[in-house]
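I have placed the structure first, in the form of structure tokens, so that the comments after it can refer back to it.
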Amino acid sequence: MRLRALGVVVGLCGACLAGGPVAAQGQPATPIPPQMPPAAAQPTQEDHPTLVLPEPSPRWIYVLEPVFPYLVASKMWIFDGDDLSVKGMVNGGYLPNAVMSHDRSRFWLTETYWSRGSRGVRTDVVTAFDTKTLDPVGEVVLPKGRFLVVPKKHNATLTSDGRYLLSFNMDPAFSLSVVDVKEMKYLGELDTQGCSLAFPTGNTSVASLCPDGRFLHLTFDSAGRVTKTELGEPFFDSEKDPVFEHAAIHRPSKQGYFVSYDGWVYPVQLDGMPKVGTRWKLQGAGDEEWRPGGWQLAAFHAASNRLFVAMHKGGPWTHKQAGDEVWVYDVRSRQRLQRIPLAHHSPTIAVSQDEKPLLFALTETAILQVYDAVTYEKKTERSGIGISPWLLYTFGE
Amino acid sequence: MRLRALGVVVGLCGACLAGGPVAAQGQPATPIPPQMPPAAAQPTQEDHPTLVLPEPSPRWIYVLEPVFPYLVASKMWIFDGDDLSVKGMVNGGYLPNAVMSHDRSRFWLTETYWSRGSRGVRTDVVTAFDTKTLDPVGEVVLPKGRFLVVPKKHNATLTSDGRYLLSFNMDPAFSLSVVDVKEMKYLGELDTQGCSLAFPTGNTSVASLCPDGRFLHLTFDSAGRVTKTELGEPFFDSEKDPVFEHAAIHRPSKQGYFVSYDGWVYPVQLDGMPKVGTRWKLQGAGDEEWRPGGWQLAAFHAASNRLFVAMHKGGPWTHKQAGDEVWVYDVRSRQRLQRIPLAHHSPTIAVSQDEKPLLFALTETAILQVYDAVTYEKKTERSGIGISPWLLYTFGE
Amino acid sequence: MILDAFDRMMESAARRVAQRSSRRGILARLGTMLVGGAVLPLLPVDKTGAKLAHANEFAKTAQTTDPTKCNYWRHCSSDGYLCSCCGGTVNVCPPGSYASPTSWIGTCINPDDGQAYLIAYQDCCGKDSCGLCFCLGTEGEMPSYRPELNNDIVWCFGAPSMVYHCSSQVLIGKA
Amino acid sequence: MILDAFDRMMESAARRVAQRSSRRGILARLGTMLVGGAVLPLLPVDKTGAKLAHANEFAKTAQTTDPTKCNYWRHCSSDGYLCSCCGGTVNVCPPGSYASPTSWIGTCINPDDGQAYLIAYQDCCGKDSCGLCFCLGTEGEMPSYRPELNNDIVWCFGAPSMVYHCSSQVLIGKA
Chain A
291 MRLRALGVVV GLCGACLAGG PVAAQGQPAT PIPPQMPPAA AQPTQEDHPT LVLPEPSPRW
351 IYVLEPVFPY LVASKMWIFD GDDLSVKGMV NGGYLPNAVM SHDRSRFWLT ETYWSRGSRG
411 VRTDVVTAFD TKTLDPVGEV VLPKGRFLVV PKKHNATLTS DGRYLLSFNM DPAFSLSVVD
471 VKEMKYLGEL DTQGCSLAFP TGNTSVASLC PDGRFLHLTF DSAGRVTKTE LGEPFFDSEK
531 DPVFEHAAIH RPSKQGYFVS YDGWVYPVQL DGMPKVGTRW KLQGAGDEEW RPGGWQLAAF
591 HAASNRLFVA MHKGGPWTHK QAGDEVWVYD VRSRQRLQRI PLAHHSPTIA VSQDEKPLLF
651 ALTETAILQV YDAVTYEKKT ERSGIGISPW LLYTFGE
Chain B
291 MRLRALGVVV GLCGACLAGG PVAAQGQPAT PIPPQMPPAA AQPTQEDHPT LVLPEPSPRW
351 IYVLEPVFPY LVASKMWIFD GDDLSVKGMV NGGYLPNAVM SHDRSRFWLT ETYWSRGSRG
411 VRTDVVTAFD TKTLDPVGEV VLPKGRFLVV PKKHNATLTS DGRYLLSFNM DPAFSLSVVD
471 VKEMKYLGEL DTQGCSLAFP TGNTSVASLC PDGRFLHLTF DSAGRVTKTE LGEPFFDSEK
531 DPVFEHAAIH RPSKQGYFVS YDGWVYPVQL DGMPKVGTRW KLQGAGDEEW RPGGWQLAAF
591 HAASNRLFVA MHKGGPWTHK QAGDEVWVYD VRSRQRLQRI PLAHHSPTIA VSQDEKPLLF
651 ALTETAILQV YDAVTYEKKT ERSGIGISPW LLYTFGE
Chain C
854 MILDAFDRMM ESAARRVAQR SSRRGILARL GTMLVGGAVL PLLPVDKTGA KLAHANEFAK
914 TAQTTDPTKC NYWRHCSSDG YLCSCCGGTV NVCPPGSYAS PTSWIGTCIN PDDGQAYLIA
974 YQDCCGKDSC GLCFCLGTEG EMPSYRPELN NDIVWCFGAP SMVYHCSSQV LIGKA
Chain D
854 MILDAFDRMM ESAARRVAQR SSRRGILARL GTMLVGGAVL PLLPVDKTGA KLAHANEFAK
914 TAQTTDPTKC NYWRHCSSDG YLCSCCGGTV NVCPPGSYAS PTSWIGTCIN PDDGQAYLIA
974 YQDCCGKDSC GLCFCLGTEG EMPSYRPELN NDIVWCFGAP SMVYHCSSQV LIGKA
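Chains as they are written, first to last, in the numbering used here: chain A, 291 to 687; chain B, 291 to 687; chain C, 854 to 1028; chain D, 854 to 1028.
Written out as structure tokens, the structure reads:
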């Protein structure tokens, strides 16, 4: 095997599932026997190695595509945010969720497989991918399964120190599966008592959102057992004006912004038991026709304290309608800084966390748009991001 | 469980893989444990059973879709040929082939799965589907694998009495895997000595096509061992004018029509060692610009002795170009009966085997067209047959 | 054990429903079922007024003859590929797919009689998505932390497989 | 055993190729490799005239600067998604995919020097299809019963996985 060619290093793993301790917990690292004897290799003048990526830039954009209606064939696309050139891609299972590491060395997919594609024996796993080789480098089976739903970002998260991955499970009982992603080991389930989703609040704690509009906060130990349960007071009316699941969360600074159907913003400090600040409204005088809506409809840029929300004109219960504009707010002054008209209306947006950030907007027609999040000018777009791209992820968010 | 409602019978199998002797050979029939206690069922005023189809009509059309570029999510669509209403569908594995039974009780998919979608442990199987319930009712593992190629019809076939399924394998050694589909049991591999594909020639024999333009004919016993090997003489020049793989084969009458890139038709009697008749040419005077081409480009209607071929205008090496017209021939008189201009050019065609047959033409843009194969008039079309439908199958062909 | 408690609740809830299949009873049962644990109070369940307002909006342009169209009256809160386009009907699963006994529930008005009906949006399960006739109704639809009112969930709990194939619209009864 | 005979042949063929990496030698090796058994004679291998005629036709509109376009000179007989669009280049597999050591072989003319070159269409394998930049060249392409000249085959033999990801175009040498 050629180890170095054209300045790129050859990955050695291929389709295998890693050596080392991680494999011990997951599926056996069964190498597929090559069907050709090594001597049969075609001699070529050029080498034919595999590209290894540099450390991911915070300006790279990771696009999760569940692939409707071919849901057993999901994909994560990786693009350079500046020019939308392809960096690579990986395949996933049924209705996956992604979790990005703090140190950019890994991302994980929580995924579901059946032994015969869409039938046979079901297996739920957390798969670790190396961000440079894009090889799957470890797997942990989730013995209790996971929540199967059109992908939502906050179905899975990582604790503040990056040690534990929490995967929401509804089967239909409610729990969070705890996986030690350092040791690549399943620890157990935390009973969320009817509450859903996973918002990180510390090294060994997590918050979920309850049907009646309050937070449940669970602290757990290294064995994956609940050591402390806290239940907040309802902070919104879940009958009349629920908050979207896709809160804008910035994990490093432990800030969260929950946006309601009607346009109220609930700032939440996610450091220990969540503390909800005073709510404020997106729409001002003259904005009555506008509403937040879409899917991943809100993004937060921590360094500049700006909140981005996809907005459209529409009446009640248009909460899944794509945004025609992105409205930008200073979360300290609660003032709107900008209205960015989108070239193509988009249910999903994201913002990179670097100093001169990029704003991404993803359409239902598989177009990814990039805007300068400082000047608010459009930079570029790319169509044909598969057939149903859904969620956006960046490192540092 | 409700056993009868609204005149349809409830299937009892669900996602399981059959009981009875067939399961013994295949994957364990692991039922997925229901996640809900039975008492949790939602009471409804109406029943909610599963439709069971009548015996398939020879006018139904089975469309195999490998699903480019989501190849782990293939699908077989089933339509009523008269109005293109949906009868049902089943899911398949990677680059599957289909085989239709003689008695219309079964079709089989030869398929390939990996334990994690596109990675992990590979398993090749023959899966039996009940044509009325569309349930998978049995599975046989192919321990030596199968040929992975953009789906071609003659990669798998059934012997004349319907007892043995033969699946071509190139890994890259060449063989045919023999499966007893009555007992649902893998028997072994027949060495095809460098020859490819599988054309049925009797109850315990099969022909393959060799690189130098001749047939290899293998007779085998009930243990899946070759008992007799026959090698014919080259009947076409495989350097200058190869025949298309997609010969028009009518299994019941043991007739085959092999069409060459340049438009020669080689009639072949597939009863025992193949006997090649005198070749004749599709194009007559004034047809010099026209060529056969596409994918499944030829179809034969046995009762009326008519051959249908997709034709286009093009030069050499345009053999994969879709047909703008279908030309119809009487194979006895070798006269062209009709030129049927297609509303949408199509690489793939099929004809039903009933008395007043239908001609089907499938485009690269997922439009299925239906023509009356007696009056040659267009009857109907349907768009959106997935994103990459590829092959057409009917019962009785 | 979560599931033990859940099982017990479900059994008693189902007994209650069997006795009185009223709309209030059904919503109460859903609230019970989906809260699952013991800490949280049951949700308020009677939202007839609000639900009917949305149903009325949809009913303005609804029809009762073609269940393969998104404006068929029972689809007022449907989300997904219509089983009626996939070889099934509103309440018969396509061949080889199997109904979930669970669902979220919508309230639709039949324009022929002007009456409101409860519809169980039970999925047919066991094959990958049908892919035909996608319809999305969002009136009254809530985020997934209110699962009983969310239509993004794979409602295949209790079916032989958790693979979503298509969306059914089964009549429960008058609202 | 098929594979035993195959292995022996491959080893001797590879030794021959190592000694003399000429075009004739490579095609002879392919003929040997793919016939596989002992019954059939080797195929005729020298088709320089015919192959170059097709290469010339493609070369008329070929360019040498942008490998993400179907008319890049090396793509004269390529079939599939270009690795150059998928995070790789003509001879570097995208991250996480791995080259097959086997391939079918085309003859392309570099319009910059007018010379004919042999190109190994080795697939990068181990992920589902990339899906970008589909190009289909059919000049000189033969049915799969002549596998050494067929481009429908998943050319991942010998790679860690038989799952096709994208198509590479690796230079073998002058024809």
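In this text, a Cβ means the ideal position worked out from N, Cα and C, and glycines have one as well.
Alpha carbons only, please: which of the options is nearest the one belonging to residue i?
i: A/D511; options: A/K443, A/N493, A/V430, A/K565; result: A/N493
i: A/Q643; options: A/F685, A/A656, A/L681, A/E615; result: A/F685
i: B/V618; options: B/T653, B/L652, B/I368, B/Y661; result: B/Y661
i: A/D372; options: A/M460, A/Y683, A/E671; result: A/E671
i: B/W580; options: B/T413, B/V468, B/A600, B/T665; result: B/A600
i: B/W398; options: B/S405, B/G407, B/R406, B/N387; result: B/N387
i: A/T482; options: A/V549, A/F369, A/T519; result: A/T519
i: B/R622; options: B/A640, B/Q586, B/Y547, B/G574; result: B/Y547
i: A/A610; options: A/E535, A/W404, A/N381, A/S364; result: Residue identity differs from the one stated: residue 610 of chain A is Lys in this sequence, not Ala. It is A/E535.
i: C/T955; options: C/M1015, C/S997, C/F1010; result: C/F1010
i: D/H1018; options: D/W926, D/A912, D/Y925, D/A952; result: D/A952
i: B/K475; options: B/R453, B/V496, B/S495, B/T491; result: B/R453
i: A/H591; options: A/R569, A/P542, A/D561, A/D552; result: A/P542
i: A/W554; options: A/K571, A/T447, A/Y683, A/K544; result: A/K571
Which chain D residues sit within Cβ distance under 7 Å of residue i?
i: A/T509; result: None at all; the shortest Cβ gap to chain D is about 37 Å.
i: A/P462; result: The premise fails here: A/P462 is roughly 31 Å from chain D at the closest Cβ pair, so nothing lies under 7 Å.
Where does residue i sit, in a helix, a strand or coil, going by DSSP?
i: A/H392; result: coil
i: A/R629; result: strand
i: C/C936; result: helix
i: C/I855; result: Here C/I855 scores only 31 on pLDDT, less than 50, and its place in the model is too uncertain to base an answer on.
i: A/E523; result: coil
i: C/S1020; result: strand
Tell me the rounded alpha-carbon separation between residue i and residue j.
i: A/S678; j: A/L658; result: 11 Å
i: B/V430; j: B/L456; result: 12 Å
i: B/D470; j: B/M460; result: 20 Å
i: B/P426; j: B/P339; result: 18 Å
i: D/P964; j: D/T917; result: 7 Å
i: B/S375; j: B/W367; result: 11 Å
i: A/S486; j: A/F458; result: 7 Å
i: B/K434; j: A/A640; result: 47 Å
i: A/A538; j: D/D932; result: 43 Å
i: B/I675; j: B/L341; result: 21 Å
i: A/V596; j: C/D981; result: Correcting the residue identity first, residue 596 of chain A is Arg in this sequence and not Val. For A/R596 and C/D981, the distance between alpha carbons rounds to 40 Å.
i: C/K1027; j: B/Q335; result: 10 Å
i: B/P318; j: B/E473; result: In this prediction, B/P318 scores a pLDDT of 34, lower than 50, which makes its location untrustworthy; the coordinate-derived value is nonetheless stated afterwards. Approximately 16 Å between the Cα atoms of the pair.
What residues from chain C crowd round residue i, counting only those whose CB sits closer than 8 Å?
i: A/W607; result: H907, T991, E992, G993, E994
i: B/A600; result: Chain C residues near B/A600: none, gap ~27 Å exceeds 8 Å.
Applying a beta-carbon distance threshold of less than 8 Å, which residues of chain A neighbour residue i?
i: C/R999; result: P501, S528, P532
Interface residues of chain A around residue i at Cβ under 7 Å?
i: C/Y934; result: P359
i: C/I1006; result: V439
i: D/P947; result: L341, G378
Find the residues of chain B that neighbour residue i, judging by a C-beta separation of less than 7 Å, and give them in chain order.
i: A/R672; result: Within chain B, no residue comes near A/R672; the closest Cβ sits about 17 Å away, beyond 7 Å.
Given that residue i touches chain G, what residues does it touch there, using C-beta distances under 7 Å?
i: A/V362; result: No chain G is present in this structure, whose protein chains are A, B, C and D.
Could you tell me which chain D residues have their CB closer than 9 Å to the CB of residue i, listed as they occur along the chain?
i: B/W367; result: What B/W367 touches in chain D: nothing, since even the nearest Cβ is about 20 Å away.
Check your understanding: Considering only residues of the stretch 404 to 429 of chain A, which uninterrupted beta strand (DSSP E) runs meet the minimum length of 3 residues and lie entirely inside it, listed in chain order?
Key -> Taking only runs of at least 3 residues, the beta strand (DSSP E) segments lying wholly in the stretch 404 to 429 of chain A are 409 to 420.
Point to revise | Minimum length 3: unbroken beta strand (DSSP E) runs contained in the stretch 461 to 508 of chain A | key: Whole beta strand (DSSP E) segments, 3+ residues: 464 to 470, 475 to 481, 486 to 490, 495 to 499.
Point to revise | Whole runs of the beta strand (DSSP E) within the stretch 932 to 981 of chain C, excluding any shorter than 3 residues | key: Listed in chain order, the beta strand (DSSP E) elements of length 3 or more contained wholly in the stretch 932 to 981 of chain C are 932 to 934, 957 to 963, 968 to 974, 976 to 978.
Check your understanding: What runs of the beta strand (DSSP E), each 3 residues or longer, lie entirely inside the stretch 553 to 595 of chain A?
Key -> Those beta strand (DSSP E) runs which fall completely within the stretch 553 to 595 of chain A and span 3+ residues are 554 to 559, 580 to 582, 588 to 591.
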